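Sequence order for the protein chains is A and B. All the letters of the first sequence, read from the start, carry residue numbers 1 to 285 under full-length UniProt numbering. All the letters of the second sequence, read from the start, carry residue numbers 1 to 285 under full-length UniProt numbering. Note that the Cβ used here is the ideal one computed from N, Cα and C, for glycine as well. Since the model is a prediction, treat every value here as computed from it, not as a measurement. Notes follow the structure.
There are 2 protein chains.
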Amino acid sequence: MKIKLILVMSTLLTIFSAAAQTSKIADQWRTLDSERTVLLTLPHGKVVIELAPQFSPKHVEQFIKLTKAGHYDGNKFYRVIDGFVAQGGPEDGSRQDKLVPTLTMEGDFTTDENWQFTKIQEDDLFAEQTGFKDGFSLAHNPSEKKAWLTHCPGVIAMARSNDADSASSHFYIVNGQATRYLDRIMTIFGRVVYGMNHVQAITRTSVIEGDTPVAEKNYTSMTSMKMMSDVPKEQQILLAVKNTEHPAFSEMIEKRKRRENAFFYKKPPPVLDICQTPVKSRIVN
Amino acid sequence: MKIKLILVMSTLLTIFSAAAQTSKIADQWRTLDSERTVLLTLPHGKVVIELAPQFSPKHVEQFIKLTKAGHYDGNKFYRVIDGFVAQGGPEDGSRQDKLVPTLTMEGDFTTDENWQFTKIQEDDLFAEQTGFKDGFSLAHNPSEKKAWLTHCPGVIAMARSNDADSASSHFYIVNGQATRYLDRIMTIFGRVVYGMNHVQAITRTSVIEGDTPVAEKNYTSMTSMKMMSDVPKEQQILLAVKNTEHPAFSEMIEKRKRRENAFFYKKPPPVLDICQTPVKSRIVN
Numbered sequence: 001m002k003i004k005l006i007l008v009m010s011t012l013l014t015i016f017s018a019a020a021q022t023s024k025i026a027d028q029w030r031t032l033d034s035e036r037t038v039l040l041t042l043p044h045g046k047v048v049i050e051l052a053p054q055f056s057p058k059h060v061e062q063f064i065k066l067t068k069a070g071h072y073d074g075n076k077f078y079r080v081i082d083g084f085v086a087q088g089g090p091e092d093g094s095r096q097d098k099l100v101p102t103l104t105m106e107g108d109f110t111t112d113e114n115w116q117f118t119k120i121q122e123d124d125l126f127a128e129q130t131g132f133k134d135g136f137s138l139a140h141n142p143s144e145k146k147a148w149l150t151h152c153p154g155v156i157a158m159a160r161s162n163d164a165d166s167a168s169s170h171f172y173i174v175n176g177q178a179t180r181y182l183d184r185i186m187t188i189f190g191r192v193v194y195g196m197n198h199v200q201a202i203t204r205t206s207v208i209e210g211d212t213p214v215a216e217k218n219y220t221s222m223t224s225m226k227m228m229s230d231v232p233k234e235q236q237i238l239l240a241v242k243n244t245e246h247p248a249f250s251e252m253i254e255k256r257k258r259r260e261n262a263f264f265y266k267k268p269p270p271v272l273d274i275c276q277t278p279v280k281s282r283i284v285n
Numbered sequence: 001m002k003i004k005l006i007l008v009m010s011t012l013l014t015i016f017s018a019a020a021q022t023s024k025i026a027d028q029w030r031t032l033d034s035e036r037t038v039l040l041t042l043p044h045g046k047v048v049i050e051l052a053p054q055f056s057p058k059h060v061e062q063f064i065k066l067t068k069a070g071h072y073d074g075n076k077f078y079r080v081i082d083g084f085v086a087q088g089g090p091e092d093g094s095r096q097d098k099l100v101p102t103l104t105m106e107g108d109f110t111t112d113e114n115w116q117f118t119k120i121q122e123d124d125l126f127a128e129q130t131g132f133k134d135g136f137s138l139a140h141n142p143s144e145k146k147a148w149l150t151h152c153p154g155v156i157a158m159a160r161s162n163d164a165d166s167a168s169s170h171f172y173i174v175n176g177q178a179t180r181y182l183d184r185i186m187t188i189f190g191r192v193v194y195g196m197n198h199v200q201a202i203t204r205t206s207v208i209e210g211d212t213p214v215a216e217k218n219y220t221s222m223t224s225m226k227m228m229s230d231v232p233k234e235q236q237i238l239l240a241v242k243n244t245e246h247p248a249f250s251e252m253i254e255k256r257k258r259r260e261n262a263f264f265y266k267k268p269p270p271v272l273d274i275c276q277t278p279v280k281s282r283i284v285n
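Structure representation (structure tokens):
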């Protein structure tokens, strides 16, 4: 009897300990909500995008509505420039596209003295501070009480004409060096968390200035754009991304600034570029 | 007789005028020397690299020697990390690789008060000044009298172990946001001038942290690496790139800073990121 009890207790302890261990690891990762995650299928691979309704609610709402309606299925990436963006959407002037309402710019938002993020750098080229919140990269100007999502590689934003509030459904994904000069004047509403190599492989429509333009028939098309929650379970890609609010993330940032590895025989300046600081993801299904 | 003379003169004038026009345009472009240009053939596309012997003579000399010997043909990209680099070279520990001499670091060089480049920015995050010379992006610290090639997307540099002077033949190409913290401690010796989409499509060997590693059989291999001058004429890709010493290039830079296009309904800070300033190329054959 005594032995049995000890065995039971020992088993329970093992279970508790394993659970605690799992939870401790899990805290450093945040599992993505499949209702806020998009699966973009390209002819050459799959891309997963996390949406950012907490920063750009109206744009995300409209993008989800359009995605669920199949608005993007079969659309083409018609403006793809190396080191800039891959832009796509329904054929210009199509009847379908004219029915989509335009959106009011959500390029930045107001902060107060209680607003916080995981700061990584002061005195960035384009802002007073940069850092992360909910896995997204942001810039913050405390002097103006304004913050905004930054144009790092892999962010998805709505395209527009000259009018600030003219975006509707056409979007772009930054495919090269951060286009930070577009910060605050375009609405970013998500970021690629998986399959960036497939985004970057999208055929450039203007490969070389002065060369014959790429024929439209060679443009890369979107096989489909679906909410992850609407994809059959066996085809879903479920991801967890690093929790940028966890102390372990801040520790990683500080460590990265110090560059203590012996590889750095001469240390670089102790600064971090917000767009060169990875927020890693991993498949969980 | 008089009429004939006029006709001849008129023809001559037309010829002179056309020549002047061509030369004026041509000055803005610099045709690449096929003896300093490399054709990297990947299974999914062709990539052209311009070498930089004027900045990293010893590394370029060795890279050309290795390329001509077929050292890289069939090699794999065995370390490919999203937003970082695609690194490749001969199988580690191969006999062939052990015969390659190591190189002394050519990470930066000394400047004097007469040293010039086409400056684009002061107060960069990692340097006192940034700019271009011969189509390559550089940083300059006048206070130290040092300049160096910068790690922008598409630059090719030699990999090394912890020892500064341990590089030999393994190389990497920056595939995402500029890895500027590697400036001066790695030797950049060229840059991709065509086919960056194919470089960026190289299979990531570490797609997702925590996921099963990518099987070696799925690594992208280099079908061949050849000097452009050694490629049969009909397979050559001959390029011209913008002449960064031409006044038109400086004008483009100033214009880019001002962002006068109506699209910029609110102007971004008048700064330029050296790695977000394109030096365009075009096919000339």
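Would you mind sorting residue i into buried or exposed? The rule is 16 or more other CB atoms within 10 Å of its CB.
| i | result |
| --- | --- |
| Trp-115(A) | exposed |
| Asn-162(B) | exposed |
| Gly-74(A) | exposed |
| Lys-133(B) | buried |
| Asp-82(B) | buried |
| Arg-258(A) | exposed |
| Thr-187(A) | buried |
| Thr-37(A) | buried |
| Gln-96(A) | exposed |
| Ser-23(A) | Any answer about Ser-23(A) is weak, because its pLDDT of 47 lies below 50 and its placement is not dependable; what the coordinates show is given next. Exposed, because fewer than 16 other Cβ atoms sit within 10 Å of the Cβ of Ser-23(A). |
| Gln-87(A) | buried |
| Leu-138(B) | buried |
| Gln-54(A) | exposed |
| Gln-235(A) | exposed |
| Pro-153(A) | buried |
For the beta strand (DSSP E) containing residue i, list its first residue and its last residue.
| i | result |
| --- | --- |
| Lys-58(A) | Unbroken run through Lys-58(A) is the alpha helix (DSSP H), 57-68; no beta strand (DSSP E). |
| Ala-139(A) | 136-141 |
| Ala-52(B) | Here Ala-52(B) belongs to no beta strand (DSSP E), and DSSP marks it neither H nor E. |
| Thr-37(B) | 37-42 |
| Lys-280(A) | Per DSSP, Lys-280(A) belongs to no beta strand (DSSP E) and is neither H nor E. |
| Ala-157(B) | 155-158 |
| Leu-149(B) | 146-149 |
| Thr-244(A) | Run containing Thr-244(A): none; DSSP gives neither H nor E here. |
To the nearest angstrom, report how far apart residue i and residue j are at their CA atoms.
| i | j | result |
| --- | --- | --- |
| Ser-168(B) | His-170(A) | 47 Å |
| Glu-216(B) | Val-284(B) | 38 Å |
| residue 310(B) | Arg-204(B) | Lying before the first or after the last residue shown, residue 310(B) is absent from chain B, which here runs from 1 to 285. |
| Gln-21(A) | Asp-27(A) | No answer about Gln-21(A) holds up, because its pLDDT of 43 lies below 50 and its placement is not dependable. |
| Ala-240(A) | Arg-282(A) | 5 Å |
| Ala-278(A) | Gly-195(B) | Residue identity differs from the one stated: residue 278(A) is Pro in this sequence, not Ala. Taking the straight line from one Cα to the other gives about 25 Å. |
| Lys-280(B) | Thr-244(B) | 10 Å |
| Ala-178(B) | Thr-102(A) | 35 Å |
| Leu-32(B) | Thr-110(A) | 50 Å |
| Ile-202(B) | Val-174(A) | 18 Å |
| Thr-79(B) | Val-85(B) | Note on identity: in this sequence residue 79(B) is Arg, with Thr being the wrong assignment. Using only the alpha carbons, I get a separation of about 8 Å. |
| Tyr-181(A) | Gly-135(A) | 21 Å |
| Asn-197(A) | Ser-206(B) | 12 Å |
| Met-227(B) | Asp-92(B) | 24 Å |
| Lys-58(A) | Thr-130(B) | 39 Å |
| Ser-229(A) | Ile-274(B) | 41 Å |
| Lys-46(B) | Leu-40(B) | 6 Å |
| Ser-224(B) | Ile-237(B) | 15 Å |
| Asn-218(B) | Gly-89(B) | 16 Å |
| Ser-143(B) | Phe-263(B) | 38 Å |
| Leu-51(A) | Gln-121(A) | 24 Å |
Once DSSP output is grouped into helix, strand and coil, what is the label at residue i?
| i | result |
| --- | --- |
| Leu-182(A) | helix |
| Gln-177(A) | coil |
| Gln-129(A) | strand |
| Ser-17(A) | The predicted model places Ser-17(A) with a pLDDT of 44, which falls under 50 and marks its position as unreliable, so this point remains unresolved. |
| Ser-23(A) | Summary for Ser-23(A): the model assigns pLDDT 47, below 50, so the residue's position carries little reliability; its value from the coordinates is reported in the next sentence. Helix at Ser-23(A). |
Mind checking which residues open and close the alpha helix (DSSP H) that includes residue i?
| i | result |
| --- | --- |
| Phe-249(A) | 247-258 |
Since residue i meets chain D, which of its residues come closer than 9 Å, beta carbon to beta carbon?
| i | result |
| --- | --- |
| Ile-185(A) | Here the protein chains are A and B, and chain D is not one of them. |
Kindly provide the ranges of any beta strand (DSSP E) runs that are 3 or more residues long and lie completely inside the stretch 195-240 of chain B, ordered along the chain. 224-227
Hey, which unbroken runs of the beta strand (DSSP E) at 3 residues or more fall wholly within the stretch 67-124 of chain B? 76-80, 85-89 and 118-122
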